[in-house]
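Heads up: the structure comes next, in structure tokens.
There are 2 protein chains.
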Amino acid sequence: MPKEARPSTGEQAKQHALTQLRQAILQGEMAPAQRLVENELADQFGVTRASVRAALIELESEGLVERILNRGSRVRVVTVEEAVAITECRMVLEGLCAGKAAVEASDEQLDQLVALGEAMSKAVADGEPVTYSDLNHELHAHIRQFSGQQVAVGLLERLNAQLVRHRFQLALRPGRPQKSLSEHLAMIDAIRARDPQAAEEAVRSHLAGVIDALRE
Amino acid sequence: MPKEARPSTGEQAKQHALTQLRQAILQGEMAPAQRLVENELADQFGVTRASVRAALIELESEGLVERILNRGSRVRVVTVEEAVAITECRMVLEGLCAGKAAVEASDEQLDQLVALGEAMSKAVADGEPVTYSDLNHELHAHIRQFSGQQVAVGLLERLNAQLVRHRFQLALRPGRPQKSLSEHLAMIDAIRARDPQAAEEAVRSHLAGVIDALRE
DNA sequence: ACGAACAAAATTGTTGACAATCTTGTTCGT
DNA sequence: ACGAACAAGATTGTCAACAATTTTGTTCGT
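Protein chains in written order, with the numbering used here: chain A, 2 to 217; chain B, 2 to 217.
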């Protein structure tokens with residue numbers, strides 16, 4: 002196993018281990034349910050076990066890692082059932098954000114949403130599901146950012162991180178982009194119309210659709 | 002400073018430090034913004050610094066503690082602004098739970114809610130705001146428990162922990178229990194009627210009222 | 001007296017070693 | 001051959017010492 006040294010900069014070791022490990026999990030380099038042995042990770046990231054340990058504790062409360070007493074850490078696997086529950090929470094929280102964004106967003110920010118909508122339409126027309134999925138993610142991120150609701154943003158980012166695997170799976174399903182595109186455009190329209198209730202409702206019905214698709 | 006030893010049982014040191022420290026913060030034994038020096042805490046709880054450190058990292062991601070690089074930890078202070086944002090998130094999440102509880106709860110569980118409602122009415126009639134506040138908390142806990150939405154339960158418990166100080170403040174405000182009592186009874190009625198939409202709406206308008214009171 | 005430079009103290013970040021626990025493979029009795 | 005008791009190995013939990021950083025107090029020059 003290669004000892005991948007970290008930059009000799011004065012970067013905090015724990016921080017380094019944390020970002021490296023999180024990225025590795027999110028990018029799927031760690032197989033689901035894979036054991037995460039502290040010594041190996043310490044070696045791999047060029048830090049000591051204590052730093053890896055601290056990172057694991059933090060990742061546990063982010064929901065990315067599961068730690069059992071005296072039995073170590075593993076990449077957490079999110080069942081479909083859990084994914085549904087998570088998406089239900091997303092539904093109401095993003096609904097909240099959309100409602101606030103409809104009121105709080107600046108005109109420039111509304112333009113950004115419209116531009117994103119057009120790009121998404123193009124991606125569907127060109128049959129590029131991966132591009133569409135990325136834009137999808139970006140749209141949701143922008144909406145919650147524009148809401149100014151920092152607490153909701155924090156919760157949503159944590160929830161989203163747990164769904165990476167399911168998101169991929171969903172995006173590549175045939176016919177799915179077409180259905181979700183119209184829902185996304187409805188969300189954008191409602192926010193642009195500065196109608197909080199309509200915005201919340203549009204987001205909720207969109208994510209209700211996602212839940213149906215997850216259950217399949 | 003007394004060296005309060007922990008029971009000699011094989012209890013995990015970090016776990017001990019974690020629960021002790023969390024309880025101390027929640028019960029207000031630590032002044033807001035108080036510095037939390039790792040050495041002192043280690044001494045106080047009878048564990049080593051490493052354990053305290055692990056506990057602090059965990060408490061940070063629970064939002065109870067704030068840690069600054071090379072500058073240590075302190076009890077996090079929640080501004081009114083943040084309390085409002087947190088309560089907005091509670092509003093939509095508890096709304097979700099109430100809706101599900103209206104469908105999922107057993108008849109026995111509905112009876113428990115009714116009993117709680119009666120106890121709350123009595124507490125208000127007797128002019129016991131502290132008892133009322135406790136029952137209030139218990140009612141919300143029951144509703145989210147009955148929903149079976151574990152993810153939402155987890156998020157809500159975390160959010161609630163950050164509000165302890167503000168909750169106290171709110172409960173003792175004159176006239177407040179009377180107003181909130183009718184809202185609570187409406188919540189109970191809607192759930193008992195097994196009407197998800199009405200239940201969600203009742204919870205949301207209740208917490209909207211709480212937000213107004215917070216802003217004051 | 002005021003402020004900058006410096007030194008001392010306090011505190012956090014990191015490290016390697018040790019103890020406790022769990023897992024796995026082996027031996028022994030039946 | 002089968003299962004329980006046991007021993008060896010691997011891995012996590014804990015500890016005390018060291019290094020790096022920040023804060024505080026002091027001195028010195030103007």
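Don't be surprised by glycine CBs; every beta carbon is placed ideally from N, CA and C.
Nothing here was measured: the structure is a model prediction, and the numbers come from that model.
Next item on the list: Could you say which of A214/A, S183/A and V66/A lies nearest to A203/A if we only look at CA atoms?
Entry: Translated into the one-based positions of the first sequence, residue 203/A becomes position 202. Among A214/A, S183/A and V66/A, the Cα nearest to that of A203/A belongs to S183/A.
Note to self: Tell me whether the segment 59-74 of chain B and the segment 144-163 of chain B touch, counting them as touching only if at least three CB pairs, one residue from each stretch, are closer than 8 Å.
What the structure shows: yes
Next item on the list: Would you please verify whether the beta carbon of V48/A is less than 9 Å from any beta carbon of chain B?
Entry: The sequence position of residue 48/A within the first sequence is 47, counting from 1. Judged by the 9 Å Cβ criterion, V48/A is not in contact with chain B.
Item checked: Simplified DSSP assignment, three categories, for G100/A -> Along the first sequence, read from residue 1 onward, the residue named residue 100/A stands at position 99. Helix, per DSSP.
Item checked: Beta-carbon separation (whole angstroms), A43/A vs T49/A, contact threshold 8 Å -> The residue labelled residue 43/A in the question sits at position 42 within the first sequence. The residue labelled residue 49/A in the question sits at position 48 within the first sequence. Indeed they touch by this definition, with Cβ atoms about 6 Å apart.
Notebook entry, point to check: Where does G73/B fall in DSSP's three states?
Noted result: For the purposes of this step, residue 73/B is identified with residue 72 of the second sequence, where counting begins at 1. Here G73/B sits in strand by DSSP.
Notebook entry, point to check: Which whole-angstrom value is the C-beta distance of P33/A and G100/A, which I expect to be below 8 Å?
Noted result: Residue numbering aside, residue 33/A sits at position 32 when the first sequence is read from its first letter. Residue numbering aside, residue 100/A sits at position 99 when the first sequence is read from its first letter. In fact, because the Cβ distance is near 35 Å, the residues do not count as touching under 8 Å.
Checklist line | Residue span of the alpha helix (DSSP H) that contains A203/A, given as start and end | finding: Residue mapping note: residue 203/A aligns to position 202 of the first sequence, counting from 1. Taken as a continuous stretch (DSSP letters only), the alpha helix (DSSP H) holding A203/A covers P197 to R216.
Notebook entry, point to check: Below 8 Å, can you find three or more Cβ-Cβ pairs linking the segment 136-150 of chain B to the segment 109-117 of chain B?
Noted result: yes
Next item on the list: For the alpha helix (DSSP H) containing A14/A, list its first residue and its last residue.
Entry: In the first sequence, the residue the question calls residue 14/A occupies position 13. Residues A14 to L27.
Notebook entry, point to check: For the segment 199-214 of chain B, which residues have a CB atom closer than 8 Å to at least one CB atom of chain A, in sequence order?
Noted result: none
Next item on the list: Give the straight-line distance between the Cα atoms of V93/A and I192/A, rounded to the nearest whole angstrom.
Entry: Your numbering for residue 93/A matches position 92 in the first sequence. Your numbering for residue 192/A matches position 191 in the first sequence. Their backbone Cα atoms lie some 16 Å apart in a straight line.
Next item on the list: Kindly indicate which three-state DSSP category R68/B falls into: helix, strand or coil?
Entry: Taking the first residue of the second sequence as 1, we reach residue 68/B at position 67. Reduced to three states, the DSSP call for R68/B is strand.
Checklist line | Identity of the residue in S134/A, P178/A, A84/A and S148/A nearest R159/A by Cα | finding: In the first sequence, residue 159/A corresponds to position 158, counting from 1. Comparing Cα positions, the closest option is A84/A.
Item checked: Close-in-space but distant-in-sequence residues of the same chain around E201/B (CB under 6 Å, 5 per side omitted) -> Position 200 of the second sequence holds residue 201/B. Here the set comprises G96, A99 and G100.
Note to self: How far does the alpha helix (DSSP H) with D44/B in it extend, from its first residue to its last?
What the structure shows: As a working note, residue 44/B is residue 43 in the second sequence. Segment E39 to F46, the alpha helix (DSSP H) holding D44/B.
Check: If you measure beta-carbon to beta-carbon, which residues of the segment 142-173 of chain A are closer than 8 Å to chain B?
Finding: Q150, Q151, V152, A153, L156 and L160
Checklist line | G73/B versus E109/B - alpha carbon distance | finding: The residue given as residue 73/B occupies position 72 in the second sequence. The residue given as residue 109/B occupies position 108 in the second sequence. Distance between the alpha carbons of G73/B and E109/B: 49 Å.
Next item on the list: Give the C-beta separation of T80/B and I212/B to the nearest angstrom, bearing in mind that I take them to be a contact with Cβ-Cβ under 8 Å.
Entry: Here residue 80/B is taken as the residue at index 79 of the second sequence, counted from 1. Here residue 212/B is taken as the residue at index 211 of the second sequence, counted from 1. Not confirmed; about 14 Å, so no contact.
Next item on the list: Would you check if the distance between the CB atom of N137/A and the CB atom of A187/A is smaller than 9 Å?
Entry: Start at 1 with the first residue of the first sequence, and residue 137/A comes out as number 136. Start at 1 with the first residue of the first sequence, and residue 187/A comes out as number 186. No, the Cβ-Cβ distance between N137/A and A187/A is not below 9 Å.
Next item on the list: Could you name the residues of the same chain whose beta carbon sits closer than 8 Å to that of M31/B, not counting the 5 residues immediately before and after it, in chain order?
Entry: Taking the second sequence and counting its residues from 1, the one referred to as residue 31/B is at position 30. The residues are A25, L37 and V76.
Notebook entry, point to check: For the alpha helix (DSSP H) that contains A113/A, what are its first and last residues?
Noted result: The residue you call residue 113/A lines up with position 112 of the first sequence. The sequence shown places Gln at residue 113/A, rather than the Ala named in the question. Per DSSP, Q113/A belongs to the alpha helix (DSSP H) from D108 to A126.
Checklist line | Sequence-distant residues of its chain with Cβ nearer than 7 Å to Q150/B (five each side left out) | finding: Your numbering for residue 150/B matches position 149 in the second sequence. L97, C98 and K101.
Margin query: Can you list, in chain order, the residues of its chain with a C-beta nearer than 8 Å to that of V104/A? Leave out the 5 residues immediately preceding and following it.
Written below: Start at 1 with the first residue of the first sequence, and residue 104/A comes out as number 103. R195 and P197, listed in sequence order.
Next item on the list: Report the neighbours of A34/A on chain B: residues whose CB is nearer than 9 Å to its CB, in chain order.
Entry: Residue numbering aside, residue 34/A sits at position 33 when the first sequence is read from its first letter. Here the premise fails: no neighbours, minimum Cβ distance about 20 Å.
Notebook entry, point to check: In three-state DSSP terms, what is R36/B?
Noted result: By one-based count along the second sequence, residue 36/B stands at place 35. Here R36/B sits in strand by DSSP.
Notebook entry, point to check: Is any beta-carbon of chain B found at less than 9 Å from that of A55/A?
Noted result: Along the first sequence, read from residue 1 onward, the residue named residue 55/A stands at position 54. It does; some Cβ of chain B falls within 9 Å.
Next item on the list: Taking only beta-carbon positions, decide if M244/B is within less than 9 Å of chain A.
Entry: Given that chain B is displayed from residue 2 to residue 217, the structure contains no residue 244/B and the question cannot be resolved.
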